[in-house]
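Numbering (full-length UniProt numbering), first residue to last: 1 to 575. Report on the structure given below.
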């Protein structure tokens, strides 16, 4: 028998655990050979007699002496290392563990390995295979803007993440608050140029504001009940408003004169959109209502003439059903609607007139959030049944879906408590990032979940809100950024790549508590403007370098002056 080489007890135990692990898998012959060699070379843990002398043991003796060690003991040790290490030295991708990782994902990482490094200025003037180099993951400090632009002058190209790092969003500050409505404001929209902001209020008025200084341009009257939705056409010539008075009113943006009063619903308007689909001079405007009807209003772009009779679809299989959400595909060919009867309905506009082509019955509770992607034939639907589904069009008008279960957790996450296990999750809002690589869902347990839109894999869980979230708005051109807002009065700017919070604003009203935020809107074409609103009649403009955000506030709150970019700006109150 060969002599035992000088090895530590830890090495002997590791050899034994490896052999035990191999016995449960397909490599059982390798396990037998390994067990034989461990015994031959005396690599197994020995035994001590009462005098302290060590004696070799057979493989069977070691197994009998360690009956508490299961064959998968080594595997369970490896699974437990990752979460423990994450608490001491966090990895760059939380919840993702690999024994083969390197750098900040290595199981051997230390705090020194994760220290931030400085990216050399010469690196910005270099190209790797014709592309600018990626910044190291442990390079936390944003690059110097002068060095980045100098590198772009030398190479002709530069990464957007270097020109505008996520840390720049930390500089967003409140720019302006405007008090102009007499009742709560629930609707807000930009025009297509970003020069004007439209607000719809419970005082039955639609107001037009300057996005630069917050001054009132015009007030549009005519509705006799609360404004429920606003829409601006793609030609930037019309604004339409839906109301609880069951009518839709359209005004000319150039003259602010009324263009049409459309009466086709027997209930309140729940959503209103102009279709991006264009065929000659023919255009469509969509409206849905609590009467479960979907109306396509045809109009002519040349003479701004609206048809009095819409193409109407009544989708009420039983009393009480309502159509509550809708979304057009990027080209306007398809329309998806969600209803309280758990059904998603798809309409097609590519033929002579709109037609319903499909009904999807996979959800088991009402569908109250739906959103098409920015490019392609995919949309995501959110339901009160605790699931979201990513739908994709296949051949012969077949829509197939990927299920997103809101009960899913990240690998290595703590087990749910008994109280949490009885909690029924519900989807409150859905959204896509700008490049459609991820889907973001808001859940009624105040969490945001980020999913891979192609595989359905859960990537991040975003924590920070303290109440339900009904607002998700992606950045108009930066796929890394999404904004969220909720009933807790918090507005968060999230980094989707890292799953972290970049900026946070809490809407605290002196003497009134916080103000809930029900909608946040970012201008899709002009990246300098951002807009969000609350169900209160005052408004805030936000500024970060050349970027602004707008919000609306509650009745009865006195506007207070906050730091602005231009001390010459004056506050405005309009009746």
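Beta carbons are placed, not taken as given, at the ideal position from N, Cα and C, and that holds for glycine.
Assumed close pair residue i, residue j - CB separation to whole angstroms, cut-off 8 Å
i	j	result
residue 450	residue 499	7 Å
residue 350	residue 402	Contact flag wrong, Cβ pair sits at about 25 Å.
residue 406	residue 441	7 Å
residue 471	residue 517	6 Å
residue 230	residue 277	With a Cβ gap of about 20 Å, residue 230 and residue 277 do not count as contacting.
residue 110	residue 89	6 Å
residue 436	residue 453	6 Å
residue 82	residue 412	6 Å
residue 434	residue 476	7 Å
residue 237	residue 220	Contact doesn't hold; Cβ gap of about 15 Å is too wide.
Cutoff 7 Å; reference residue i; Cβ partners in own chain excluding five residues on either side
i	result
residue 581	There is no way to answer for residue 581, as the model of the chain reaches only from 1 to 575.
residue 558	Here the model assigns residue 558 a pLDDT of 28, short of 50, so the residue's position is not dependable and the matter cannot be decided.
residue 13	45
residue 8	none
residue 170	502 and 503
residue 467	446, 486, 487 and 488
residue 397	357 and 358
residue 362	389 and 401
residue 564	With a pLDDT of 32 at residue 564, under the threshold of 50, the modelled position of that residue is not reliable, and the figure given next carries that caveat. Excluding residues within five positions, the ones whose Cβ falls inside 7 Å are 175 and 176.
Among the options, nearest to residue i - alpha-carbon criterion
i	options	result
residue 99	77, 87, 111 and 112	77
residue 337	323, 331 and 329	323
residue 226	213, 237 and 201	201
residue 384	414, 392 and 424	424
residue 159	170, 145, 172 and 171	145
residue 6	43, 219, 90 and 28	43
residue 130	150, 341, 154 and 108	154
residue 208	256, 93, 177 and 106	256
residue 342	320, 206 and 334	320
residue 459	497, 492 and 426	497
residue 367	344, 357, 392 and 464	344
residue 597	283, 365, 417 and 178	Lying before the first or after the last residue shown, residue 597 is absent from the chain, which here runs from 1 to 575.
residue 291	314, 105, 168 and 272	314
residue 213	184, 92, 179 and 274	179
residue 461	41, 29 and 410	410
residue 464	164, 484 and 133	484
For residue i: DSSP bridge partner residues
i	result
residue 348	334 and 355
residue 360	344
residue 438	452
residue 293	314
residue 279	282
residue 505	491
residue 209	197 and 216
residue 486	469
residue 168	Residue 168 is not bridged to any residue.
residue 399	393
residue 429	442
residue 28	DSSP, once it has assigned bridges, lists no residue as partnering residue 28.
Cut-off 8 Å between Cβ atoms - residues of its own chain near residue i, not counting five sequence neighbours on either side
i	result
residue 224	204, 243 and 245
residue 71	20, 21, 23 and 24
residue 394	400
residue 18	34 and 74
residue 54	46, 47 and 48
residue 364	342, 383 and 385
Cβ neighbours of residue i in the same chain (closer than 6 Å, five flanking residues each side left out)
i	result
residue 232	189, 191 and 239
residue 295	264, 287, 310 and 312
residue 260	250 and 306
residue 354	296, 311 and 347
residue 69	none
residue 162	143 and 148
residue 300	281
Classification of residue i by the beta-carbon crowding that lies within 10 angstroms, buried from 16 upward
i	result
residue 288	buried
residue 16	buried
residue 480	buried
residue 388	buried
residue 421	exposed
residue 228	buried
residue 371	buried
residue 511	exposed
residue 317	exposed
residue 27	exposed
residue 58	exposed
residue 262	buried
residue 432	buried
residue 64	exposed
residue 332	buried
residue 181	buried
residue 40	exposed
8 Å Cβ cutoff, residue i in contact with chain D
i	result
residue 35	No chain D appears in the structure shown, which is made up of a single protein chain.
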